[in-house]
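Before any comments, here is the structure.
Number of protein chains: 2
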Amino acid sequence: MTQTMNPLSPAANNSDAGVDVAALGELLLGKWADVRLAARALAGNPELHKIEGLTHTEHRKRVFQQLGILVQQNGVHRAFPTRLGGSDDHGGNVAGFEELVIADPSLQIKGGVQWGLFGSAVLHLGNQEHQDKWLPGIMNLDIPGSFAMTEIGHGSDVASIATTATYDASSQEFVINTPFAAAWKEYIGNAAVDGIAAVVFAQLITKGVNHGVHAFYVDLRDPKTKEFLPGIQGRDDNIKGGLNGIDNGRLAFDNVHIPRTNLLNRYGDVAPDGSYSSPIASPGRRFFTMLGTLVQGRVSLNGAAVAASKVALKIAIQYATERRQFNAASDTEEVVLLDYQRHQRRLLPLLATTYAAAFAHEDLLVKFNDVFSGAHDTDEDRQDLETLAAAYKSLTTWHALETLQECREACGGAGFMAENRFTSLRADLDVYATFEGDNTVLLQLVAKRLLADYSKEFRNLDFGVLARFVAGAAADLTLNKTGLRQVAQFVSDTGSAQKSAKALKDAGTQHQMLADRVQTMVAEVAGALKEAAKQPKDKGAQIFNDHQNDLIEAARAHAELLQWESFTAALGRISDPGTKRVMTRLRDLFGLSLIEKHLDWYLMNGRISMLRARTLAPYINRVLSKLRPHALDLVDAFGYGPEHLRATIATGIERERQDEARDYYRKLRASSDGPIDEKILIQRAKTAAKK
Amino acid sequence: MTQTMNPLSPAANNSDAGVDVAALGELLLGKWADVRLAARALAGNPELHKIEGLTHTEHRKRVFQQLGILVQQNGVHRAFPTRLGGSDDHGGNVAGFEELVIADPSLQIKGGVQWGLFGSAVLHLGNQEHQDKWLPGIMNLDIPGSFAMTEIGHGSDVASIATTATYDASSQEFVINTPFAAAWKEYIGNAAVDGIAAVVFAQLITKGVNHGVHAFYVDLRDPKTKEFLPGIQGRDDNIKGGLNGIDNGRLAFDNVHIPRTNLLNRYGDVAPDGSYSSPIASPGRRFFTMLGTLVQGRVSLNGAAVAASKVALKIAIQYATERRQFNAASDTEEVVLLDYQRHQRRLLPLLATTYAAAFAHEDLLVKFNDVFSGAHDTDEDRQDLETLAAAYKSLTTWHALETLQECREACGGAGFMAENRFTSLRADLDVYATFEGDNTVLLQLVAKRLLADYSKEFRNLDFGVLARFVAGAAADLTLNKTGLRQVAQFVSDTGSAQKSAKALKDAGTQHQMLADRVQTMVAEVAGALKEAAKQPKDKGAQIFNDHQNDLIEAARAHAELLQWESFTAALGRISDPGTKRVMTRLRDLFGLSLIEKHLDWYLMNGRISMLRARTLAPYINRVLSKLRPHALDLVDAFGYGPEHLRATIATGIERERQDEARDYYRKLRASSDGPIDEKILIQRAKTAAKK
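Right under this line is the structure:
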């Protein structure tokens, strides 16, 4: 429990019971607490830490060696089959994996390429023979490999990749080709230096038919000489904005022959005579099923982004409780940064969002484990999982970048020093916003799903009900347009400001407002797009494009609602009353900040009155000052030690310096040696003149 | 003139006359066009370019050598006196200096430390003797030096720095001391390696009186051995988030004796006997006058942030007109990124803001030159200049970071490659948001000025008018609170959506809305703070703190209004009708985007009706699609060549790749060899079954 004197708002200090930091920490560790703690112990090992200022070649070498340490320490095999030395634990695997980001994001992502993408593709897309043949070498790093999906010309639109794998029945081989420059595989981890094999995604062509994207196991380099095998070319991507411990590069294939059996054939196979077969008849569904097995990449990026946000907030909030600047409240005492309203405004809503993202991630991880363990593995489960992963990954990776930047700026020049972590983490996490699916594209996938659910609901209703629903929606709109609802609400709001703020504090009200917004936005877009479906493709696309921004915003609103629900559900798992009170307030801050962020929508759609809207910001400011005394507890509950934070300004050094400075001035004032201030002399002279 | 086929919005293509790129380019070059062009020619020199991936020690060496090239090329002496080889050209000096950011921001800032801070301090705070003694060596780099103002414990609060310079009349020397750890000079450029001298800011103490912060010329290192002189200690700041070509470090002083005459004594002097004198009686005013001479740092950061934003937008928009992704509108043609509504939403408002910032910067530069040339150099001119510089520097440096990040994400994985500039520029410019005054602190300075102007207005009015004003304001508020004004506006809005959007297109309406918001916000804060002035300091500070966020937002609103005014004034300098039409639309986009950003405020303060507010986003979308065909012209007018852009994706390579890919598929479709898509086979089978 932390109680800090706040000269700017003394009343806020003593009003609350404190937080049970240990219990809250347990709650955050979640279902895979043991794995997470083991992974954190591993991530505390200095041999795994990022060293700032290495050249990219040195950094690459270091990270490759670190992968070996992960293998030795059994840190990365949880998802693989028990028969091969793994433990078939999918949720635990991701929980452990994502914690590695705090050692070095390059290490996390390089490990992700090797085991999460390359190894997972063999595991999920291959048969048992493939697994037995290649997984042991992949697991122990004898086969460093690449996941060659993205091409220069096609990133998030995987279905349109142009690499071909054409079956030659005479030799019973596939022939891999890169038909033009835009089809080069690009940004491929392990491609520039280390990879001796790859899972290559290509259009499978046999007997003159293109069966769409499939995955092929392809040897890239001679394991001894590390020279490319015949027909394979590469280019080093060189320096990137971050993650420079990974050797990204390009790959191209010129008539590269591989055995027929190198097709990872779980969802589609070619017989020796060239005839194609698949357990999934629809090429579209087959494609999405194959890609769906790779959802764990998005899940683990989500978790890593949460972890990085936690580290950043712990560092920045620790510093903000020690650092003093400007003597606003007294002639001799400077104010601690976190006592400034603006500083609270900058950091505490990010803290609330980080908690929301953390609880939502835990729920996502459980869902992921349910699907991949086979416990709940229907088509709908998988679709839910993919939608959730896409929604959360977008919001959380952007949130991490915002948090890292705000923390860096909130720490001033100290925040810019590499030794304080923010800039380095931010540079590395930057690409999380566009890889494993560009966030903007992912949100459109989420929106598509929302629209599909919306029209499914229509399909289950008879036409009369549908007609009524539409009429109701129109009436609703009319009501808002005339401003009647707003005026009505306004009339009921004319009590004290306190009263109208109180209504927004109610969880039911928050939920209703957030949910209403999602439903209304989806319904509005759906209404506008009904036309699009009837039009020729180009006209339809134009109508769709005219609502692209609305669609993306609806998806974001949906994801925010789900995060709010996860946060609220987590409150039910807290038993300590003090903790529950503070955490409920933090959830309120999250909900209210969302409403404030979208306040224009609520106002122009008649969902909130002008008067009530005007009470929101001052009310949020009061919530902030009530949370202020618990800020340090709330970041301590993240459970990261000095070996994870590794930031000079999080060591208490600032408090020591501030204390030393205050002692110096205190002694100076007490002694007769100290110089007197010219301003005071002038003041005295003025006073004397008046007398 | 660029006309691009847009399959998603074909109607938008032919409606506008084009932009006269060359004339618009001239306008942007502004008053110091020749200097700017010369500086760009210099910045195009490969010897001055940043090389990615150097270690910080290599980068530091390279940048120090580059400073020598700047000296040889006469690129950096424009502000210095003609008698010493300069040209007394302050505006031109900054115009040229800020363009160096496109070569390497480290070069710009290291040059800024040497000539803009260290040299400027000697120039503006010293006497002619000081200038003649030190400036030649500073100008030709014989004396690399530091500007030692910031301390670990005090960044933006310069008045509170703790380093002391105590006069010893017996030896006629000042004795410089660092009394505790927090008083170490920190983040000081040239301190870690190169600096052999420094201007050190310290509390001047003589005869037992502290006369506040003054500047002292102090030798740091032996020029030959580069060893610190006795009593001086340093520490290397090592790796930073960016600007690693600069050797930032810490400095501490232990009884370092310097001659009395090393006090830069323009605004305050100590006679041999220790008696203090100053041409400015008030210690507060003296302090602000001294610091005010250093305003050019903020001015030039503002210009550099504009330049970096221009480079980023040229690269990202070039790429967005070539890159294709997803075949939304046809089965065979993929859509160019910039034809997507969301992509327009991401990039074009940033483009509009960059133009606004560019025009505002030009006006600032003229103001700066007026003051420093002595043409308009009253106290009020200086205050205006400082307020403007603080306001613009905050908005523009944040804008540059936002622009660089949005451009990087809009280019996907390619945006993350260092060779495409975004990540590197962003890392370097990150610290612009907190150095030369933390943006958050600077906005509070702006707000203080707004409040002072507000109460000055009160001082000039008699009490009756004051009373009326307050009553009027209260009545105004009541009107809004009852929603009457809104309902009234709403009633007049009930025409077509077109009609209500049209009103917002009017420049007068935009101006009125932006100005009204500033006035209202300032008046509201002023009303709330009236209490604060009457209270004891701690209570007053608490009231002030409760409105800190509102204050900062009022300052931001003020700066946005000024940018809008600069943009609008610039329209008057355009004669070509096509250019004027497009640029007016871009100004509208800027104004409307500001109103959209603050739409919650306009709604809850009854300044816009719900109905009109709902037409805003669709109207902005229409403006975007009308600007879309001119986007490339608008970035081409920035006038940066390949030697400045140095980004692979801005070379046209993407168009070549896309063309090659489309040719390949076109030929494949035309030939009988191409594989047929499984989906088409299934479609055919279904059709056949139906027959």
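Chains as they are written, first to last, in full-length UniProt numbering: chain A, 1 to 691; chain B, 1 to 691. For every residue, glycine included, the Cβ atom is placed at its ideal position computed from N, Cα and C. Since this is a predicted model, take the numbers as computed values, not measurements.
Would you mind sorting residue i into buried or exposed? The rule is 16 or more other CB atoms within 10 Å of its CB.
i      : result
K314/A : buried
T397/A : buried
V688/A : A quick correction: the sequence has Ala, not Val, at residue 688/A. Under this definition A688/A is an exposed residue.
K667/B : exposed
A229/B : The identity of residue 229/B in the sequence shown is Leu, whereas the question assumes Ala. Flag for L229/B reads exposed.
Q318/A : buried
L245/B : The sequence given here has Gly at residue 245/B, not Leu. Looking at its Cβ environment, which holds 16 or more other Cβ atoms inside 10 Å, G245/B is buried.
I680/A : exposed
R573/B : exposed
Roughly how many whole angstroms lie between the Cα atoms of residue i and residue j?
i      : j      : result
T150/A : G249/A : 11 Å
N369/B : T579/B : 29 Å
Q563/B : A356/B : 5 Å
L243/A : G413/B : 12 Å
N545/A : R614/B : 19 Å
P223/A : Q344/B : 47 Å
R342/A : G86/A  : 49 Å
Q92/B  : A165/B : Per the sequence shown, the amino acid found at residue 92/B is Gly instead of Gln. Cα-Cα distance, rounded: 35 Å.
L234/B : D659/B : The sequence shown places Gly at residue 234/B, rather than the Leu named in the question. Each residue's alpha carbon lies about 57 Å from the other.
G195/A : I188/A : 10 Å
A375/B : D89/B  : 12 Å
Q114/A : E227/A : 19 Å
H257/B : R657/A : 25 Å
P259/A : Q172/A : 7 Å
P10/B  : K539/A : With a pLDDT of only 48 at P10/B, under the threshold of 50, the placement of this residue in the model should not be trusted; the figure read from the coordinates follows. About 10 Å.
L301/A : H77/B  : 50 Å
L364/A : I176/B : 60 Å
G96/A  : E52/A  : 24 Å
H130/A : L294/A : 17 Å
R426/A : T423/B : 11 Å
What residue does the alpha helix (DSSP H) around residue i start on, and which one ends it?
i      : result
Q296/A : 296 to 320
H399/B : 379 to 410
N593/A : Looking at the sequence shown, residue 593/A is not Asn but Ser. Its alpha helix (DSSP H) spans residues 577 to 597.
S106/A : 105 to 111
L562/B : 548 to 571
T57/A  : 56 to 72
F422/A : 422 to 429
Y664/B : 653 to 670
Report the CB separation of residue i from residue j in whole angstroms; it is logged as a contact under 8 Å.
i      : j      : result
Y619/A : L504/A : 7 Å
V522/B : Y454/B : 5 Å
A570/B : L27/B  : 7 Å
E362/B : K393/B : Actually they are not in contact, since the Cβ atoms of E362/B and K393/B sit about 15 Å apart, beyond 8 Å.
What residue range is occupied by the uninterrupted beta strand (DSSP E) comprising residue i?
i      : result
Y187/B : 185 to 188
V218/A : 209 to 219
Q.
For the pair the stretch 254 to 272 of chain A and the stretch 210 to 223 of chain A, tell me if three or more CB-CB distances fall below 8 Å.
A. yes
Q: Determine contact between the stretch 97 to 110 of chain B and the stretch 292 to 308 of chain B, defined as no fewer than three beta-carbon pairs at a distance below 8 Å.
A: yes
Q. Looking at C-beta atoms only, is the number of pairs between the stretch 588 to 605 of chain A and the stretch 506 to 520 of chain B that lie closer than 8 Å three or more?
A. no
(Q) Whether or not the stretch 642 to 651 of chain B and the stretch 171 to 187 of chain A are in contact is what I'm after, with contact meaning three or more pairs of Cβ atoms, one per stretch, closer than 8 Å; do they touch? (A) no
(Q) Whether or not the stretch 377 to 392 of chain A and the stretch 277 to 295 of chain A are in contact is what I'm after, with contact meaning three or more pairs of Cβ atoms, one per stretch, closer than 8 Å; do they touch? (A) yes
Q: Count the CB pairs spanning the stretch 193 to 207 of chain B and the stretch 138 to 147 of chain B that are closer than 8 Å, and state whether there are at least three.
A: yes
**Q.** Three CB pairs or more closer than 8 Å across the stretch 557 to 577 of chain A and the stretch 523 to 541 of chain A
**A.** no
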